[in-house]
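*Asks:* Quick note on numbering: the sequence shown equals residues 1 to 999 in UniProt numbering. The C-beta atom is built at its ideal place from N, Cα and C for all residues, glycine as well. Fair warning: this is a prediction, and the values are worked out from it, not measured in the lab. Quick one: the structure is below, and I'll ask about it shortly.
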Amino acid sequence: MEYLAHYGPSLCVKFHGDLVYAANGPFLHCYNYHTGELKRRCRIFHRNKIHGICIGKDGGLLLYGGNSVLIADLQDVNERTCLMEREKSVNGWIISGEFSYSGDQVYLLTSYNKVIICDKFGRFMMNKSLREEKSILYSGSITVYSQDKVYINAGTVMGGILLWDLYAEKMVHNLKGHEGSIFFVTESADGRYVASCSDDRSIRLWDLRTGELLSVGWGHTARIWNLKFFDSGNRIVSVSEDCTCRVWEICQRGNNIDLIQQNIYEVHLTKNVWGVDVDSTGRKVVTTGNDGRIKITNLGDQLGTEEEQKCYTVEEIFDRTNVPLEKGEIIKGFEWFDFGLVAITSTGKIFLLSSTKDSWIYLTKNDKFSSYSITHGVPDENVIVFANNRGDLLLLKFSDDGERIVAKTEYHCSNLSKTTNCLIRKDSSSALLVLLESPNPRDHLVCLKFSLSTLTHLDTYHFTKPANFVSTCIDVHQNFLLIGSRFSTLAVYDLTATASMPYVIRNLNPGDTTTSIKHVEDQGSSSLFSVTNRDGYYNIIKVNLTQDASHRIIHSNKIVRGFLEGADFDDRGDFITFGFKSSLFYVYNETACYEVFSHICGGAHRQWKLSQDSKSYTLVYIKASDIYIKRFKKAATRETLFAGIHGREIRDITVQKHRKFNDGFLFCTASEDTTMKLMHIEPKSGRLTNYWTQRKHVSGLQRCQFINETLMISCSAREELFLWEIDAQAECSRPYMTLRQTLPTSSGNPDLRIMDFDVKFDSKGENFIMATVYSDSAIKLWLYNHKENSFSLILSGHYKTCCLLNVLLEVLRDQLYLITSPTDGHLVYYNISNQIPFKIDVDDNSLTFGDLKLCESELPEFDCKLQVHQSGIKTIDSVMKTNGDLVIFTGGDDNALGITVASVNKSTAKICARVADFQEKAAASTITSCNLICNATKLLTTSVDQTLRLWSVTEEKLVLIDSSYTTIADTGSSDCVSIDESTNLALVGGVGLSVVQLS
Numbered sequence: 001m002e003y004l005a006h007y008g009p010s011l012c013v014k015f016h017g018d019l020v021y022a023a024n025g026p027f028l029h030c031y032n033y034h035t036g037e038l039k040r041r042c043r044i045f046h047r048n049k050i051h052g053i054c055i056g057k058d059g060g061l062l063l064y065g066g067n068s069v070l071i072a073d074l075q076d077v078n079e080r081t082c083l084m085e086r087e088k089s090v091n092g093w094i095i096s097g098e099f100s101y102s103g104d105q106v107y108l109l110t111s112y113n114k115v116i117i118c119d120k121f122g123r124f125m126m127n128k129s130l131r132e133e134k135s136i137l138y139s140g141s142i143t144v145y146s147q148d149k150v151y152i153n154a155g156t157v158m159g160g161i162l163l164w165d166l167y168a169e170k171m172v173h174n175l176k177g178h179e180g181s182i183f184f185v186t187e188s189a190d191g192r193y194v195a196s197c198s199d200d201r202s203i204r205l206w207d208l209r210t211g212e213l214l215s216v217g218w219g220h221t222a223r224i225w226n227l228k229f230f231d232s233g234n235r236i237v238s239v240s241e242d243c244t245c246r247v248w249e250i251c252q253r254g255n256n257i258d259l260i261q262q263n264i265y266e267v268h269l270t271k272n273v274w275g276v277d278v279d280s281t282g283r284k285v286v287t288t289g290n291d292g293r294i295k296i297t298n299l300g301d302q303l304g305t306e307e308e309q310k311c312y313t314v315e316e317i318f319d320r321t322n323v324p325l326e327k328g329e330i331i332k333g334f335e336w337f338d339f340g341l342v343a344i345t346s347t348g349k350i351f352l353l354s355s356t357k358d359s360w361i362y363l364t365k366n367d368k369f370s371s372y373s374i375t376h377g378v379p380d381e382n383v384i385v386f387a388n389n390r391g392d393l394l395l396l397k398f399s400d401d402g403e404r405i406v407a408k409t410e411y412h413c414s415n416l417s418k419t420t421n422c423l424i425r426k427d428s429s430s431a432l433l434v435l436l437e438s439p440n441p442r443d444h445l446v447c448l449k450f451s452l453s454t455l456t457h458l459d460t461y462h463f464t465k466p467a468n469f470v471s472t473c474i475d476v477h478q479n480f481l482l483i484g485s486r487f488s489t490l491a492v493y494d495l496t497a498t499a500s501m502p503y504v505i506r507n508l509n510p511g512d513t514t515t516s517i518k519h520v521e522d523q524g525s526s527s528l529f530s531v532t533n534r535d536g537y538y539n540i541i542k543v544n545l546t547q548d549a550s551h552r553i554i555h556s557n558k559i560v561r562g563f564l565e566g567a568d569f570d571d572r573g574d575f576i577t578f579g580f581k582s583s584l585f586y587v588y589n590e591t592a593c594y595e596v597f598s599h600i601c602g603g604a605h606r607q608w609k610l611s612q613d614s615k616s617y618t619l620v621y622i623k624a625s626d627i628y629i630k631r632f633k634k635a636a637t638r639e640t641l642f643a644g645i646h647g648r649e650i651r652d653i654t655v656q657k658h659r660k661f662n663d664g665f666l667f668c669t670a671s672e673d674t675t676m677k678l679m680h681i682e683p684k685s686g687r688l689t690n691y692w693t694q695r696k697h698v699s700g701l702q703r704c705q706f707i708n709e710t711l712m713i714s715c716s717a718r719e720e721l722f723l724w725e726i727d728a729q730a731e732c733s734r735p736y737m738t739l740r741q742t743l744p745t746s747s748g749n750p751d752l753r754i755m756d757f758d759v760k761f762d763s764k765g766e767n768f769i770m771a772t773v774y775s776d777s778a779i780k781l782w783l784y785n786h787k788e789n790s791f792s793l794i795l796s797g798h799y800k801t802c803c804l805l806n807v808l809l810e811v812l813r814d815q816l817y818l819i820t821s822p823t824d825g826h827l828v829y830y831n832i833s834n835q836i837p838f839k840i841d842v843d844d845n846s847l848t849f850g851d852l853k854l855c856e857s858e859l860p861e862f863d864c865k866l867q868v869h870q871s872g873i874k875t876i877d878s879v880m881k882t883n884g885d886l887v888i889f890t891g892g893d894d895n896a897l898g899i900t901v902a903s904v905n906k907s908t909a910k911i912c913a914r915v916a917d918f919q920e921k922a923a924a925s926t927i928t929s930c931n932l933i934c935n936a937t938k939l940l941t942t943s944v945d946q947t948l949r950l951w952s953v954t955e956e957k958l959v960l961i962d963s964s965y966t967t968i969a970d971t972g973s974s975d976c977v978s979i980d981e982s983t984n985l986a987l988v989g990g991v992g993l994s995v996v997q998l999s
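Rendered as structure tokens:
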């Protein structure tokens, strides 16, 4: 077994020049944070995770975790992939480590409040301790001021903080005030302050000289795990169980010192941020957490400086332009350009703000646009369009510096007596489309085409408006105009055949208003579009824009926050969404699952516009009649060096073995955090790429499994079972995933957990039957009709009252058997051939579906029941032998591994089963998963003792041939895929994910 990669809780991280060193289990990852490139992955320890990283002034590297320590040079890590031979052990759990002032010694603080001093080769030199105190430490740090002055900051489990001098071995201060264990304590480099955090969710700032409590900072909503001083000791960054990173400023007001919360950043998923560091400039912070993410947050660009946020009152605008302000006059519309802002008032006055000069210019007044006006623009063409409710348009084109109006057009649309909406979109590099809509449902939609260079009118299109259609957004692709409407409706018009009826797509999702349509990419003769809905839903739809128009939803999901106003893929291929949550405006990276930025603007009920260029986002909005301009610089570097996986345990893993995608394999993970992730693995390096995070489930997942090339099933509590369709075309840049069907539940408020399922396809590979087993001992059999896209119940019953953990559907001697494993340790075999309206093909054992007359049957009595384990059978895998016998491999709560052989007696036509082999001590704890590989000649097992074991299967006997410890805690799931004839790739899940190559 060779570990290619490990992704899991990352406990510590460190900046060093252009590089970031991050711990990931026993591995140390080295990234160039400017490019996001993973430069090196180095295995450090055999078993322990890396808990701390220290980099010396001369390039020395100190790594520690548990009772393990490794001292090396940075050059060693940057050049080698394994340094395990240098691992050393100490007597005690290492809390903190640090190099001496000269760099020739190492200090290791243990949980017994003792410091072990070693030379740089790891040879023991002496012990130091605080003799009058015998406390157990929860945390600690070491501050080196000089060769002779070293302070130990010891956080105890009982709430006290012991500061003591290393060489004098004397107490400096005993700081009391926290309630609960001290989770971290550190000193500022200049020796002014001590900062601590604890179970009481507070940050306390102390005077190092006097030991006086200076200030208490409140804000985190859960336990605080780590702190770091930066900005010459004037600011503190903290990270917490609440998944946020917060920046605190130490403010001196007279004789008082206050700890003021300056910024909050949501940086990780679900639970726990462990590691934090700040770069030498104090402008970037890197965090790591339980989800394995390595996140870079730019502090310097979001400090709310005066240059980045401006506010202008209406009175100020009129005073600065010497234009009289009429009573009740307000800003009615605006658009942001590279040169600044163009705005129109309720009396038709148009103003321009130069962003470089910070000056307002009065341009003109047009009474046609008083009282009512709609404003849109094309920022990259410096074109703005004003419309009123009488069919009048005013188009202006500005020079690049905004100093001149280079083109102007006034146009009246006589086809409509009244207009209530105006939408615009670039048709090409040279043309602009303006769509006008009347409130009269019998009026046509009028689309006007203008030249972008001269603003001259080029053409007019008239389109029939569908019933119950209110336009909200548009997009143009090739010769087709796509218009979004309320009621999740989309209409597609052919610009070359305006007389033809539109292709209308209704009820895209349960939401209401369609807020954006964006072309994503082309796939053969079809085009893909992202469509968003204000209620939080987004879809990727595949539209065939030929004469026989058709569409198919290939991806669907719902965001986790508020109203969704729009979305698009960025240059890196990440799906970026934006909208409102309560009083916040947010931009969110849906692919990597982190907030790009948020801003308190008062909520969605206001005028607003979001613009972006290659360097920044600009949000312009009206609040209390004032106009606000907020700019957010885009990160020049990668914001996630690794996007992470789940913040909680991975309950199941399934690999798409039927075909490759982008020279690797797609796989899905199902997690306790209720989400599923569709990811890609590169077989040679084990590198992961996350594509999508699905949130349809509302409880922790139980199982997920690919059942063919395009379909996958997942199940969880509340009787949730979803059939998913995966669209992974070779010509597309990414796969897509949509919900195809939901299994009916037994009641309106289901409370059972579907523990497992298995399927059997018909000979055409379209329809299938599916067995499901439940936590109340229920067994159900369903028919899925591909054409009707529906599940029908055809058989149901109960085993006893105990929970059923696994189920198989197997054909033996022309008979269909349902095999289940309950918590009583038995394998139970049901012959359901007479209860299903299908025929079994004698040649290939497939099911034949004819004209079915479906009716629900009762589960028959079991044919065979065999005791295999003492208690629950947690995992099961099977293989059919050439002689027709079924071999089942089981792992259980009793730490045992068994082989059971089942066959049908030719004379009695009854099934018989026997235990062929039983390894009582196959593991030190519960066996949680097993996978047959290498044509069923090898068996890989995982167990709660965090050990992978590889067994040889020869003549129905198990022989252990290899075992390896994994740092994945709560090891509970695995799946394998064949790379070639001699190599398999195993994915092992729990609290994290390991990639193991089996040769």
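Can you tell me which of E720, C197, G579, C118 puts its alpha carbon nearest to the alpha carbon of I182?
*Replies:* It is C197.
*Asks:* Are the CB atoms of Q313 and D58 nearer to each other than 8 Å?
*Replies:* Here residue 313 is Thr; the residue named in the question, Gln, does not match the sequence. Their beta carbons are not under 8 Å apart, which means T313 does not touch D58 by this criterion.
*Asks:* Who are E788's beta bridge partners in DSSP?
*Replies:* Per DSSP, none; premise fails for E788.
*Asks:* Quick check on S399: does DSSP put it in helix, strand or coil?
*Replies:* Here S399 sits in coil by DSSP.
*Asks:* Relative to the alpha-carbon of I203, which residue among L641, G797, G159, I832 has its alpha-carbon at the smallest distance?
*Replies:* Nearest of L641, G797, G159, I832 to I203, Cα basis: G159.
*Asks:* When you compare each of T420, D207, I899, N509 to T375 by their alpha carbons, which one comes out closest?
*Replies:* Nearest C-alpha to T375: T420.
*Asks:* Report the rounded CA-to-CA distance for D522 versus S733, giving the unit in angstroms.
*Replies:* C-alpha separation (whole angstroms): 10 Å.
*Asks:* Distance, Cα to Cα, L809 vs M770?
*Replies:* So the two alpha carbons sit approximately 8 Å from each other.
*Asks:* Work out the CA separation of I55 and L932 for me, nearest whole Å.
*Replies:* Taking the straight line joining both Cα atoms gives about 44 Å.
*Asks:* How many whole angstroms separate the CB atoms of V901 and V887, which I take to be in contact at a CB cut-off of 8 Å?
*Replies:* Correct: roughly 5 Å between the Cβ atoms.
*Asks:* Which runs of the beta strand (DSSP E) at least 3 residues long sit entirely within the region 929-966? Give them in chain order.
*Replies:* Here the runs fully enclosed are 938-943, 947-954, 957-965.
*Asks:* Do the region 364-379 and the region 424-434 make contact, defined as three or more Cβ pairs closer than 8 Å?
*Replies:* With a cut-off of 8 Å, the region 424-434 and the region 364-379 count as touching, because enough Cβ pairs lie within range.
*Asks:* Per DSSP, which one or two residues make a beta bridge with F27?
*Replies:* DSSP output for F27 lists N24, R43 as bridge partner(s).
*Asks:* If you compare alpha carbons, which of H462, K696, Q741 is closest to L711?
*Replies:* Closest by alpha carbon: Q741.
*Asks:* Near F351, which residues of its chain fall below 7 Å by C-beta distance, leaving aside the five closest residues on each side in sequence?
*Replies:* So the qualifying residues of the chain are I317, T321, A343, W360, I361, Y362, L363.
*Asks:* What number of angstroms, rounded off, separates the C-alpha of Y145 from the C-alpha of D291?
*Replies:* Each residue's alpha carbon lies about 35 Å from the other.
*Asks:* Output the distance between the C-alpha atoms of G36 and K295, rounded to the nearest integer angstrom.
*Replies:* Straight-line Cα distance between these residues: approximately 11 Å.
*Asks:* For the 8 Å Cβ check, are there 3 or more pairs between the region 665-680 and the region 639-649?
*Replies:* Verdict: yes, contact present.
*Asks:* Once you ignore the five residues that flank L752 on each side, which residues in its own chain have a CB closer than 6 Å to its CB?
*Replies:* So the qualifying residues of the chain are E719, Y774, S775, D776.
*Asks:* Out of H697, R209, T967, C311, which one is the CA nearest neighbour of H46?
*Replies:* Of the listed residues, the one whose Cα sits closest to H46 is T967.
*Asks:* So who's on the other strand from H16, going by DSSP bridges?
*Replies:* Bridge partners of H16: L19.
*Asks:* Buried or exposed for E590, please, with buried defined as at least 16 other CB atoms from any protein chain shown within 10 angstroms of its CB.
*Replies:* Buried, because 16 or more other Cβ atoms sit within 10 Å of the Cβ of E590.
*Asks:* Taking only three categories from DSSP, how would you classify E249?
*Replies:* Note: E249 maps to strand in three-state DSSP.
*Asks:* When the distance is taken between beta carbons, is I44 closer than 8 Å to L83?
*Replies:* For L83 and I44, yes; Cβs fall inside 8 Å.
*Asks:* Any idea if E306 is buried or exposed, counting beta-carbon neighbours within 10 angstroms, 16 or more meaning buried?
*Replies:* For E306, the predicted model reports a pLDDT of 37, less than 50, meaning its position is unreliable; a value from the coordinates is still stated below. Flag for E306 reads exposed.
*Asks:* Where does the unbroken beta strand (DSSP E) through N690 begin, and where does it stop?
*Replies:* Residues 688-694.
*Asks:* Out of curiosity, what's the CA-to-CA distance linking L739 and T848?
*Replies:* Cα-Cα distance, rounded: 26 Å.
*Asks:* Using the three-state DSSP reduction, which class does E306 fall into: helix, strand or coil?
*Replies:* For E306, the pLDDT reaches just 37, beneath the cut-off of 50, and the residue's location in the model is therefore unreliable, although a value from the coordinates is still provided. In this structure, E306 counts as coil in the three-state DSSP scheme.
*Asks:* Considering only residues of the same chain and omitting the five flanking positions on each side of R606, which have a CB-CB separation below 8 Å?
*Replies:* For R606, where only same-chain residues beyond five positions count, the Cβ hits under 8 Å are Y621, I622, K623.
*Asks:* For L610, report the span of its beta strand (DSSP E) as first-last.
*Replies:* Where L610 is concerned, the enclosing beta strand (DSSP E) stretches over 608-612.
*Asks:* Do W951 and V959 have their C-beta atoms closer together than 8 Å?
*Replies:* For W951 and V959, yes; Cβs fall inside 8 Å.
*Asks:* Just tell me which of N174, V239, H178, G233 has its CA closest to the CA of G211.
*Replies:* It is N174 whose Cα lies nearest to the Cα of G211.
*Asks:* In or out: P510 buried (at least 16 other Cβ within 10 Å) or exposed?
*Replies:* Under this definition P510 is an exposed residue.
*Asks:* State the start and end residues of the unbroken alpha helix (DSSP H) segment that holds T356.
*Replies:* Counting along the chain, T356 falls outside any alpha helix (DSSP H), and DSSP gives it neither H nor E.
*Asks:* Given this structure, state the Cα-to-Cα distance separating C803 from T546, to the nearest angstrom.
*Replies:* Distance between the alpha carbons of C803 and T546 is about 53 Å.
*Asks:* Can you tell which of L688, K684, D758 has the C-alpha that lies nearest to the C-alpha of I713?
*Replies:* Comparing Cα-Cα distances from I713 to each of L688, K684, D758, the minimum goes to D758.
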